[in-house]
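**Student:** Below is a structure I'd like to ask you about.
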Amino acid sequence: MPSIVFYFKVHQPERLKHFTVFDIGQDQDYFDDERNKFYLDRIVDKCYIPTLNLIKDLIKETNGKFKVNFGATGIFFDQLKKWHPEVIELFKQLSQKNSVEFIGETYYHSLSCLFSEKEFKEQVILHKNLVKKLFNQQPKVFSNTELIYFNEIANYLQDLGFKAILTEGVDRILGWRSPNFIYSDPEKKIKILLRNYKLSDDMSFRFSAKWWSEWPLTADKFANWLEAYNGNGEVINLFMDFETFGEHQWPETGIFEFLKNLPFEVFKRKDLEFSLASEVIKKYPSRGTFSSQEPITWADTERDLTAWLGNEMQKESLELLFSIEKQIPFYLKETWRKLQTADHFYYMCTKWFADGDVHKYFNPYDNPYDAYLNFRNIIEDLKLRLKPNVKIYIRN
Amino acid sequence: MKVLMIGWELPPFNSGGLGVACFYLAKELNKKIDLTFTLPIKLPIKQTPFKVLFTETEYQKLEGYFSRYYPISNDILDLIFTYAERILKSYKEKPDIIHGHDWFSAPAVYLLQEFYKVNGFIHVHSTEVERTSNNPHPVIYQIEKEYFQKINYLLPVSDLTKEILIKAYQINEKKIFTLPNGFEWIRNNYQIADYLENLKKDGWQIVLFVGRLTLQKGPDYLIKAIPLIKTKLPKTKFVFVGSGDMFPQLVSLAYDLKVSQDIIFTSFLREEKLFGIYKSADVLVVPSVADPFGLVPLEGLNNDLPILISKTTGVGYYLNHILKFDFWDIKEMANKIIGLLKYEKMKNEYLSNSQKEAKEKFCWSKTANQLISIYNKCLQ
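Below you can see the structure in the form of structure tokens.
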């Protein structure tokens, strides 16, 4: 009986203010509250509130048999706390049912695992504490920024008490094997849940694509596809951005109706169930090892880091940021961490940009160079603040 | 298909980008269709790969001929309005298409269009409204408006110009087809300017402006940015290549801002000398208030120079890998100039990506093919 594991990544970055070379050393703020609130207002309205309410109803109507997992970043909750505490309340109501699990994340949607083990671990602990405080849950399963995984991460996670990690079911690693089983790292320290990218993208990416031969996708049809795994799979991992509902796929596409009908279509078929991530890792043993020395992600067709570390501007920005790690005083720590958010580097991505095929979703910049220039100016300012003998103002 | 192209100038006898664009367009078109290119006066031009028809047999000097804009003498106006007649004296065939360039060939195109009862096209490289920053010469504006409306089809070089044709000239959108220019990506011979090389050896960086010194090209905005740039990068020199009516005004502006010693005015330069300056510079700035297309940014890229253009420079409409600013936003212009001078990785990444994209998007054979398909569409 295959278990369907729904995992929704919920994240919003704190976008940066327009910061020119002339602002360096002028004691300016870095973050564009106005813009961040503007985007958050919109997405709370279009996605978070309607989808969370729908999930709440579905859990109730199915007597708790519909289950979902959330990987929500700390920087996302921080913004909700400031501007939309009612959404946190909704998450809290959901968390009281045994049908919702919170997955571990880096607090600031950071790429720290690639640069600093210490910083990575600190952020994961920060996020763990936040989940404990807000929802009284102790995350046992982890999902990294952009589902980054490489073997070394297993060591970090074991140290932090995690039992499993979510990542991409990358074909070049799986080979003939199926993503619909649980795997473990080569040293068997943690279990690995792999995204079924075909079914996940059918929902999150192709759902409204009229060129697609399967369009329109109905809950009935999708449940048939899920049922087809009966007998040759134990878990079906559907991992996607939470913003799929109402934002990437607008309400007019029928995405909400789809979600509304899906649990009932699934329960019409005998051998399917929805599960929490921590349930499936208890229920099923590891069926093999999944090993990658190089970092993999769930991004693009390459499933690698090139969207964040594909060009010299991105590499230099991240290297500069982490080169000052040891000098960051406590009162600048939060600022420094907010600058680690992967989105800042994603905006600097130049591949595919000539085709205009850039992921323009909530991107505040016209082009990758503007993104770099802004970020670089901010780093130059931050470096000035580290220098001794410079008068430093502690912000309230 | 027989095309009669009504021209005004060809290199090396050209006042700017128009003659260059005409040359390469005619060269590419001639490979595919039967083309005759006309010039109103006899000029000692180089040999061309296409047929050229001079309407005069004697070399002739005309006051103001190569300043396409000012002053417009009576001789020039006379030439413009008798151009069609002169062509008919020596051109004995019947063309399928009449294709002119800008306002000075517009009356001829219209008259020939009516005479032969064939489709006339005006290739709009720039409009008077753009050249004068919305302060048009009444006579030129009147000629443009009247004949642009009468001629069957218009071919602006960018969507920016198309918008202006619709709004400022009340042209019916249906007869307008945007046709971006191409570019000849070749390695040019160049002659290094010693005074710039010496500056570079001393650690100076060079910001370059190339264009006529007129309102349209916005050189004053770059001068206004100099004091800001000097606060961050004191060892920067600003080279202005070009001449124009704004020169005295720019000199006094520089004096008022106390930046005279930071500026080098070279006057108008051609070919090797111009390309030599491109080679020495670190960044090219195009602060045009309105530039329908803009050949200069592509020349910059061809000479391995990162470019920074105003949002009102037409070529920017076609490129994604392009850094832009509002021409009036001095601070942002300065910010980006400093960024390119200071941050090596950004400069390199940007230059290689923008060069690659521009080479893919601008090429004359592509433009010629596009034009032939427009001709065919209009012939049906």
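These protein sequences, in sequence, are chains E and U. Under this note's numbering, think of the first position of the first sequence as 68, with each following residue one higher. Under this note's numbering, think of the first position of the second sequence as 37, with each following residue one higher. The beta-carbon is built from N, C-alpha and C at its ideal position, and this holds for glycine as well.
Between the Cα of Leu-339/E and those of Asp-112/E, Gln-204/E and Lys-132/E, spot the shortest distance and give me the residue it belongs to.
**Tutor:** Lys-132/E
**Student:** Going by DSSP, which residues form a beta bridge with Phe-276/U?
**Tutor:** Phe-245/U and Phe-301/U
**Student:** Would you please verify whether the beta carbon of Asn-430/E is less than 8 Å from any beta carbon of chain U?
**Tutor:** no
**Student:** Pop quiz: Val-154/U and Ile-134/U are said to be a contact at Cβ under 8 Å. What is the actual Cβ separation, rounded to whole angstroms?
**Tutor:** At roughly 6 Å, the Cβ-Cβ gap stays under 8 Å, so Val-154/U and Ile-134/U are in contact.
**Student:** Between the alpha carbons of Gly-138/E and Arg-273/E, how many angstroms are there, rounded?
**Tutor:** Approximately 22 Å between the Cα atoms of the pair.
**Student:** Residues of chain E with CB under 8 Å from Met-489/U, in chain order?
**Tutor:** In this structure chain U extends from 37 to 416, so residue 489/U is not present and cannot be described.
**Student:** Consult DSSP for Gly-313/E and reduce its assignment to one of helix, strand or coil.
**Tutor:** coil
**Student:** Rounded to a whole number of angstroms, what is the C-alpha to C-alpha distance between Lys-256/E and Leu-385/E?
**Tutor:** Rounded to whole angstroms, Lys-256/E to Leu-385/E spans 29 Å at the Cα level.
**Student:** Answer yes if the segment 241 to 259 of chain E comes into contact with the segment 350 to 365 of chain E, meaning at least three C-beta pairs across the two stretches below 8 Å, and no otherwise.
**Tutor:** Counting Cβ pairs under 8 Å, three or more are found: they touch.
**Student:** Terminal residues of the continuous alpha helix (DSSP H) containing Ile-322/E?
**Tutor:** 322 to 335
**Student:** Please report the Cβ distance between Glu-19/U and Ile-81/U, rounded to the nearest whole angstrom; I am assuming they are in contact, meaning their Cβ atoms lie under 8 Å.
**Tutor:** No answer is possible for residue 19/U: it lies beyond the span of chain U, which begins at 37 and ends at 416.
**Student:** Just checking my contact of Pro-255/U with Met-282/U at CB under 8 Å: how many whole Å lie between their CB atoms?
**Tutor:** 7 Å
**Student:** Return the residues of the segment 359 to 376 of chain U that lie within a Cβ-Cβ distance of less than 9 Å from chain E, sorted by chain order.
**Tutor:** Leu-359, Lys-360, Lys-367, Glu-368, Ala-370, Asn-371, Lys-372, Ile-374, Gly-375 and Leu-376
**Student:** Return the Cβ separation of Tyr-257/U and Pro-323/U in integer angstroms, given the expectation that the two are a contact with Cβ distance under 8 Å.
**Tutor:** Indeed, because the Cβ distance is near 4 Å, the residues count as touching under 8 Å.
**Student:** Would you mind sorting Pro-48/U into buried or exposed? The rule is 16 or more other CB atoms within 10 Å of its CB.
**Tutor:** exposed
**Student:** Counting Cβ pairs, one atom from each stretch, are 3 or more of them under 8 Å apart for the segment 335 to 352 of chain E and the segment 98 to 107 of chain E?
**Tutor:** no
**Student:** On a CA-only basis, which of Thr-348/U, Asn-110/U, Lys-237/U and Leu-235/U is nearest Phe-140/U? Give me that one, please.
**Tutor:** Asn-110/U
**Student:** Enumerate in chain order the residues of its own chain whose CB-to-CB distance from Trp-279/E is below 8 Å, with the five nearest sequence positions on each side excluded.
**Tutor:** If we look at Trp-279/E and ignore the five residues flanking it on each side, its Cβ neighbours are Arg-273.
**Student:** Tell me, please, which residues DSSP counts as bridged to Glu-235/E.
**Tutor:** Arg-262/E
**Student:** Please list, in chain order, the residues of the segment 383 to 408 of chain E that have any C-beta partner in chain U closer than 7 Å.
**Tutor:** Glu-383
**Student:** For the beta strand (DSSP E) holding Ser-390/U, just list the boundary residues, first then last.
**Tutor:** Element bounds for Ser-390/U: not the beta strand (DSSP E) but the alpha helix (DSSP H), 380 to 397.
**Student:** Does the beta-carbon distance from Thr-408/E to Pro-117/E come in below 8 Å?
**Tutor:** no
**Student:** If you run the structure through DSSP and keep just helix, strand and coil, what is Glu-392/E?
**Tutor:** helix
**Student:** Which residue spans inside the segment 160 to 216 of chain E form an unbroken alpha helix (DSSP H) run of at least 4?
**Tutor:** 184 to 202
**Student:** When Cβ atoms are compared, which residues of the segment 180 to 193 of chain E fall closer than 7 Å to chain U?
**Tutor:** none
**Student:** With DSSP run on the structure shown, which of helix, strand or coil describes Ile-179/U?
**Tutor:** helix
**Student:** Going by DSSP in three states, Gly-136/U sits in which element: helix, strand or coil?
**Tutor:** strand
**Student:** Look up Asp-252/E in the DSSP assignment and say whether it is helix, strand or coil.
**Tutor:** Under the three-state reduction of DSSP output, Asp-252/E falls in the coil class, being neither helix nor strand.
**Student:** In chain E, which residues lie less than 8 Å from Lys-268/U when you measure between Cβ atoms?
**Tutor:** Val-88 and Phe-89
**Student:** Is there a Cβ of chain U sitting closer than 8 Å to that of Asp-96/E, yes or no?
**Tutor:** no
**Student:** Where Ala-317/U and Ile-445/E are concerned, what is the direct C-alpha to C-alpha distance, given to the nearest angstrom?
**Tutor:** 27 Å
**Student:** Mind reading off the beta-carbon distance from Ile-395/E to Lys-450/E? Whole number of angstroms is fine, and I expect it under 8 Å.
**Tutor:** Going by Cβ atoms, the distance from Ile-395/E to Lys-450/E rounds to 11 Å, so no, they are not a contact pair.
**Student:** Suppose only complete runs of 4+ residues qualify. What are the alpha helix (DSSP H) ranges in the segment 45 to 130 of chain U, listed by chain order?
**Tutor:** Runs of the alpha helix (DSSP H) inside the segment 45 to 130 of chain U: 53 to 66 and 110 to 126.
**Student:** In this structure, does DSSP put Lys-76/E in helix, strand or coil?
**Tutor:** strand
**Student:** Given 7 Å as the limit, tell me if Leu-293/E has its C-beta closer than that to any heavy atom belonging to the ligand GTP.
**Tutor:** The ligand GTP is absent from the structure shown, which contains no ligands of any kind.
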